[in-house]
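Spelled out as structure tokens, the structure:
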């Protein structure tokens, strides 16, 4: 396998606060790579750095073999790196299909082509039956999947999912897990921030753990769940015992 994303010594400082400190990570093409850690660990800041919404204080990022450290979000999107947001942001007065078509215009100016991409993305995210419905009428799970569909319509090589399962019931979590696995089958690499350990441990190929802006562990799910540092700062002994 080869790296689609390489992060080298990435740091972001806000005044005296080091939100991300000397962080390095490689992500392999075609894998599902989870990013976990306590609230305030720096996970979303890292996503903002990788997606061009923040400029790092130090370090470098390489995407698909090209340095993208200071690229703008729209440049990264055109190159195949996209993200979703923890707080859903649909165009509420537009139909579900039209919302997704916004992403479909990334590589074309033809309405028919953008529509075709959007229809396919809705099929993958199991929203095809909601295409004509206004986004404001979708429930939380459907709006989360709409975020994913809009990102998929851009034809990404790598998609970053920011707590796409947060606030969902167990049945909805399972449904979204299936969608993430389907995305991986399409050859798209996935990085996901997630707190639902059932999902993280079930579908991740590799996991990186942050605490106070620094990487404290990285490895396969079965390694992470036994790591004493991860147990101490995040998982807790009850979870570790329950997983054995």
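Numbering (the numbering used here), first residue to last: 24 to 267. C-beta atoms are modelled at their ideal positions from N, C-alpha and C, and glycine is treated no differently.
{"query": "C-beta atoms of residue 191 and residue 164 nearer than 8 Å", "result": "yes"}
{"query": "Nearest candidate by alpha-carbon position, reference residue 206, set 86, 100, 233 and 146", "result": "146"}
{"query": "Cβ-based burial, residue 56 [other Cβ within 10 Å; buried from 16]", "result": "buried"}
{"query": "Proximity to residue 217 [Cα-Cα], best of 41, 62 and 44", "result": "62"}
{"query": "Continuous beta strand (DSSP E) assignments of at least 3 residues falling wholly in the region 176-221", "result": "181-185 and 212-216"}
{"query": "Residues that DSSP places opposite residue 106 in a beta bridge", "result": "183"}
{"query": "CA-to-CA distance, residue 194 to residue 208, given in whole angstroms", "result": "21 Å"}
{"query": "Contact check, residue 200 vs residue 230, beta carbons under 8 Å", "result": "no"}
{"query": "CB of residue 131 within 8 Å of CB of residue 174, strictly", "result": "no"}
{"query": "Pair within 8 Å by beta-carbon distance, residue 1 and residue 166", "result": "Absent from the model: residue 1. The displayed extent of the chain is 24 to 267, so no value can be given."}
{"query": "Beta-carbon proximity list for residue 104, same chain, < 6 Å, skipping 5 on both sides", "result": "86 and 181"}
{"query": "Inter-residue Cα distance where the pair is residue 221 and residue 152", "result": "28 Å"}
{"query": "Minimum Cβ-Cβ distance from residue 25 to chain D less than 8 Å", "result": "Chain labels in this structure do not include chain D; a single protein chain is all it has."}
{"query": "contact_flag[the region 33-43, the region 57-76] where n(CB pairs < 8 Å) is 3 or more", "result": "yes"}
{"query": "Where residue 235 sits in the DSSP three-state scheme", "result": "coil"}
{"query": "Residues sharing a beta bridge with residue 139, DSSP", "result": "Answer by DSSP bridge pairing: none, since residue 139 is not bridged."}
{"query": "Within 8 Å, strictly: CB atoms of residue 176 and residue 140", "result": "yes"}
{"query": "Residue nearest to residue 159 in terms of C-alpha spacing, selected from 114, 235, 73 and 143", "result": "114"}
{"query": "Residue 48 (DSSP reduced to helix, strand or coil)", "result": "strand"}
{"query": "DSSP state of residue 41 mapped onto helix, strand, coil", "result": "strand"}
{"query": "Residue 169 versus residue 116: straight-line alpha-carbon distance, rounded", "result": "14 Å"}
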